[in-house]
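Remarks on the structure that follows.
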Amino acid sequence: MHFGVLGSGIIGLTTALELQREFPSAQVSIVADRFNEDTVSYVAAGIFRPGTSFMGPTQEITQQWMKDAFNYWDDLRRSNEAPLAGVNELSGYIFSRTTPAIVRNHFIEQLLPVYRRATEDELKLCQGGWKYGSFFTTCLTESRLFLPYATNKFLENGGQVIRQYISNFFDLPRTFDIVLNCTGMGAKELCNDQHLVPIRGQVLKVRAPWIKTAFYGDYDTYVLPGFETVTLGGCRQYDSYNTEWCKYDSMAIRERCYNLLPSLKKAEIVREAVGLRPHRSIVRVEPEVLTNDEGRRLRIVHNYGHGGYGVTTAPGTAKYALKIVRELLAGQSKL
Ligand SMILES: Cc1cc2nc3c(=O)[nH]c(=O)nc-3n(C[C@H](O)[C@H](O)[C@H](O)COP(=O)(O)OP(=O)(O)OC[C@H]3O[C@@H](n4cnc5c(N)ncnc54)[C@H](O)[C@@H]3O)c2cc1C
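Under my numbering, read the sequence shown as residues 0 to 334, first letter to last.
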């Protein structure tokens, strides 16, 4: 059996590792044109915190993705590989001046070890006159460490990596029995998917080792401490394809974060980054069988469209994609 995984971001790598775990005697190859720092995954702050609008095919399946994903990250965090893999525990606050619903999250209130209402004293912890707040403990996965860690694991397990741009699924090696399509925004062209929309984001990575707690404020303001740097964000620009860094976004992010935590003004800026979140109102994890003009059939399992929550949910959707692979192999798929 030979599986091809198209894409080497967080979705492709977690899917490829899951394939190797589930089918230890199978051959698994990753095909991608971008790796590590050239992927959207590298830009992410990596906090496990799904948006409340994140949606899979059903509410039940989506909740299962969250559970499987959190268990994966939390197990890795507890293992002695955690520093290598870039997985850490992180606690923090989400504050709002305007809307109580913003500080609630039905996906994780029961899942995380701690998710509670912030006390009156805690609402005054940082500037802003906050009215509503929650405190939670979660995981953070730093892609700068996790992507190379996962790639090494994949290679150690006998996996093969091919650097290639693919404009048609039928250009993939003919030896692939099933293709896992983990191409993020790349799926827009590859699958001609009009439902896939970029949501542009920009962040600053700053050196501020004194910040140990995460903070969210209104208008997409966040301060998320990682392993070496703290991510300051952000913005969400719907349907923007602009991958260039924008000085106005940078100024707005700094102003909002500095207002929240004035000590950040003295933090050194290490880098600034832009990424296009691959947003789909319903994340696409489903099978498809394509047939080309010569009558050749290709079995595909799609796994893309995770928007701003790909790091959070990657291991959960990888597990679900594997369930679909097993059904395809058993001839049980509804196709
Ligand atoms: C500013 C910002 C902050 C974020 N913060 C968080 C966060 O804190 N928590 C969280 O959960 N998520 C966060 N995200 C979202 C997260 O980064 C994405 O959901 C995730 O990276 C998507 O991963 P992916 O593997 O689908 O895509 P990518 O990382 O873009 O990988 C796609 C892969 O597919 C390959 N590919 C695509 N098309 C082709 C083709 N035609 N031929 C060959 N190869 C192809 C690419 O080369 C690449 O290897 C953030 C995103 C941004 C922009």
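A virtual CB, placed ideally from N, CA and C, is assigned to each residue, including glycine.
Remember, predicted model here, so these are calculated numbers, not experimental data.
Who pairs with cysteine 138 in a beta bridge, going by DSSP?
Under DSSP, cysteine 138 shares a beta bridge with Glu88.
DSSP three-state label for glycine 309, please.
Three-state result, glycine 309: helix.
Between the Cα of glycine 294 and those of Phe169, Leu259, Thr242 and Thr316, spot the shortest distance and give me the residue it belongs to.
Of Phe169, Leu259, Thr242 and Thr316, the residue nearest in Cα terms is Phe169.
Can you check the stretch 271 to 315 for any alpha helix (DSSP H) of at least 4 residues that lies completely inside it and give the ranges in chain order?
Listed in chain order, the alpha helix (DSSP H) elements of length 4 or more contained wholly in the stretch 271 to 315 amount to none.
Report the three-state DSSP secondary structure of proline 197 (helix, strand or coil).
Here DSSP, grouped into helix, strand and coil, assigns proline 197 to strand.
Quick check on DSSP: helix, strand or coil for glycine 183?
Residue state, collapsed to three classes: helix.
Span separating the alpha-carbon of methionine 54 from that of serine 40
Near 19 angstroms, if we compare the C-alpha coordinates of serine 40 and methionine 54.
Backbone CA spacing between valine 288 and leucine 297 [nearest angstrom]:
Taking the straight line joining both Cα atoms gives about 6 angstroms.
Looking only at its own chain, which residues have a Cβ that is under 8 angstroms from the Cβ of arginine 76, when we skip the five neighbours before and after it?
Take arginine 76, set aside five residues on each side of it, and the residues of its chain with a beta-carbon closer than 8 angstroms to its own are Val86, Asn87, Glu88 and Cys138, in chain order.
Assigned secondary structure, phenylalanine 94 (DSSP; H/G/I helix, E/B strand, else coil):
Strand.
Since asparagine 302 contacts asparagine 180 with CB under 8 angstroms, what's their CB separation in whole angstroms?
Between asparagine 302 and asparagine 180 the beta-carbon gap is near 6 angstroms, inside 8 angstroms, which marks them as a contact.
Other residues of its chain near lysine 264: CB distance less than 8 angstroms, five sequence neighbours each side excluded:
If we look at lysine 264 and ignore the five residues flanking it on each side, its Cβ neighbours are Tyr257.
Check whether the Cβ of phenylalanine 34 lies closer than 7 angstroms to any heavy atom of ligand 1, and answer yes or no.
Yes, Cβ of phenylalanine 34 sits closer than 7 angstroms to a heavy atom of ligand 1.
CB-CB length for glycine 216 against glycine 91, believed under 8 angstroms
With a beta-carbon spacing of about 11 angstroms, glycine 216 and glycine 91 fall beyond the 8 angstroms limit used to define contacts.
Cysteine 234 and glutamine 193 closer than 8 angstroms at C-beta:
With contacts defined as CB atoms closer than 8 angstroms, cysteine 234 and glutamine 193 fail to qualify as a contacting pair.
For glutamine 62, three-class secondary structure by DSSP
In the displayed model, glutamine 62 falls within a helix according to three-state DSSP.
Is valine 39 helix, strand or coil when you go by DSSP?
Note: valine 39 maps to coil in three-state DSSP.
When you measure from the CB of valine 202 to every non-hydrogen atom of ligand 1, does any distance come out below 7 angstroms?
Checking the Cβ of valine 202 against ligand 1 gives yes.
Taking the alpha-carbon positions, what's the threonine 13 to threonine 118 distance?
Those two C-alpha atoms are separated by around 38 angstroms.
When we look at the beta-carbon of valine 269 and count the other beta-carbons within 10 Å, is it buried (16 or more) or exposed?
Valine 269 should be labelled exposed.
Among Gly158, Gln331, Val310 and Gly330, the one whose alpha carbon lies nearest that of isoleucine 10
The closest CA to that of isoleucine 10, considering only Gly158, Gln331, Val310 and Gly330, is found on Val310.
Proximity to phenylalanine 106 [Cα-Cα], best of Ala31, Pro112 and Gln62:
The shortest C-alpha separation from phenylalanine 106 is found at Gln62.
Between alanine 207 and glycine 225, what straight-line distance do the alpha-carbon atoms span, to the nearest angstrom?
Going by the C-alpha atoms only, they are around 10 angstroms apart.
Report yes if the C-beta of cysteine 181 is less than 7 angstroms from at least one heavy atom of ligand 1; otherwise report no.
Within the cutoff, so yes.
Just to confirm before moving on: does the CB-CB distance between proline 197 and histidine 305 stay below 8 angstroms?
No, the Cβ-Cβ distance between proline 197 and histidine 305 is not below 8 angstroms.
What separation, rounded to the nearest whole angstrom, lies between the Cα atoms of tyrosine 131 and glutamate 254?
Rounded to the nearest angstrom, the gap between the Cα atoms of tyrosine 131 and glutamate 254 is 21 angstroms.
Compute every distance between the C-beta of isoleucine 9 and the non-hydrogen atoms of ligand 1, then say whether any falls below 7 angstroms.
Answer for isoleucine 9: yes, Cβ within range of ligand 1.
With a threshold of 7 angstroms (Cβ to nearest heavy atom), would alanine 31 be considered close to ligand 1?
Within the cutoff, so yes.
CA nearest to the CA of valine 282, picked from Leu259, Cys245, Ala320 and Asn156:
When only C-alpha atoms are compared, the closest one is Ala320.
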